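Residue numbers (our numbering): 17 to 107.
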């Protein structure tokens, strides 16, 4: 990963991403809803959320429940990590 503010390379391991997820209220709620298969909560949490989609006219598409999964206790959207807010702020 490249941090343009610090102009240096660094990486995060799965444990660090999980720790940041544990501090992110939105991702905690979404992760628990995934575990519980609570589609109502997932739909509420996903309202207005978009992801890059090269086949879409405007380049984005809505995130759907079927796009979500958990890997190593981390929320994934398709084949991507849903980056916790604390990490995203440092990019």
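Cβ atoms here follow ideal geometry from the backbone N, Cα and C, with glycine treated the same way.
Small disclaimer: the values here were computed from a predicted structure and weren't measured.
| Exposed or buried, which one is residue 81 when buried takes at least 16 other CB atoms within 10 Å? | exposed
| request: Go through its chain and collect everything with a Cβ distance to residue 30's Cβ below 6 Å, but skip five positions before and after it. | output: Excluding sequence neighbours, residue 30 sits near 88.
| said: Output needed for residue 52: all residues of its chain with C-beta closer than 7 Å, excluding positions within five of it in sequence on either side, in chain order. | reply: none
| task | Tell me whether residue 17 sits in a helix, a strand or coil according to DSSP, three-state version. | result | Summary for residue 17: the model assigns pLDDT 45, below 50, so the residue's position carries little reliability; its value from the coordinates is reported in the next sentence. DSSP places residue 17 in coil when its eight states are reduced to three.
| message | Looking only at its chain, what residues have a beta carbon closer than 8 Å to the beta carbon of residue 102, apart from the 5 residues adjacent to it on each side? | response | Scanning its chain for C-beta atoms nearer than 8 Å, with the 5 sequence neighbours on each side dropped, one finds around residue 102 the residues 36, 39 and 40, in chain order.
| Quick one: Cα of residue 92 to Cα of residue 34, how far? | If I take the Cα positions, the gap works out to 12 Å.
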